[in-house]
Amino acid sequence: MLKIYHYAKCQSCVKARKLLAQKKHQLEEIDITTSPPSFSDLKTLIQKSGRPYTDFLNRSGVQYREKNMKERVKTLSENEVIKMLSEEGRLIKRPIVTDGKKVTVGFNPEEFKKTW
Numbered sequence: 650m651l652k653i654y655h656y657a658k659c660q661s662c663v664k665a666r667k668l669l670a671q672k673k674h675q676l677e678e679i680d681i682t683t684s685p686p687s688f689s690d691l692k693t694l695i696q697k698s699g700r701p702y703t704d705f706l707n708r709s710g711v712q713y714r715e716k717n718m719k720e721r722v723k724t725l726s727e728n729e730v731i732k733m734l735s736e737e738g739r740l741i742k743r744p745i746v747t748d749g750k751k752v753t754v755g756f757n758p759e760e761f762k763k764t765w
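The numbering of the sequence shown is this note's numbering, which starts it at 650 and goes up by one.
In structure tokens:
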């Protein structure tokens, strides 16, 4: 079973869920806006993704702009940024998909087909 953190109105999330359903994956769907991953879950997801924590920021989101994250991230520690992400799911790039071992963040069709 795959766990997918998503937002129902996000077109990238819709595409990701459709692709995963076509591949007959069972999904545990979590609304990232109402139930964002905890601080410790985010730390684990980031570590397992092999990507920098900044790749988990939703740079195209309204919250990112409203909170001036482009500038703030330059002065905040990694843990401070991750704490903010755990408190405000709309700051997180989506979807996040994991099977407990692998993690993808965002929707790249080629990466999805290869990974899942």
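All C-beta atoms in this analysis are idealised placements derived from N, C-alpha and C, irrespective of residue type, glycine included. Computed from a predicted structure; not experimentally measured.
Close beta carbons around residue i, own chain, < 7 Å, minus the five adjacent residues each side
i: Tyr713; result: Leu706, Asn707 and Leu740
i: Ile695; result: Tyr702 and Phe705
Cβ-Cβ separation, residue j to residue i (assumed contact under 8 Å), whole Å
i: Pro744; j: Tyr654; result: 6 Å
i: Gln675; j: Met650; result: 5 Å
Within 9 Å, strictly: CB atoms of residue i and residue j
i: Pro685; j: Glu737; result: yes
i: Val746; j: Leu669; result: yes
i: Asp690; j: Ser698; result: no
Chain-order list of residues whose beta-carbon lies under 6 Å from that of residue i (same chain, five-residue window excluded)
i: Cys662; result: His655, Tyr656, Arg743 and Pro744
Contacting residues, own chain, Cβ-Cβ under 8 Å from residue i (five flanking each side not counted)
i: Glu677; result: Met650, Leu651, Lys652 and Ile653
i: Ile681; result: Tyr654, His655, Tyr656, Gly738, Arg739, Ile741, Arg743, Pro744 and Ile745
Residues sharing a beta bridge with residue i, DSSP
i: Glu720; result: None; Glu720 has no bridge partner.
i: Thr747; result: Lys652 and Val752
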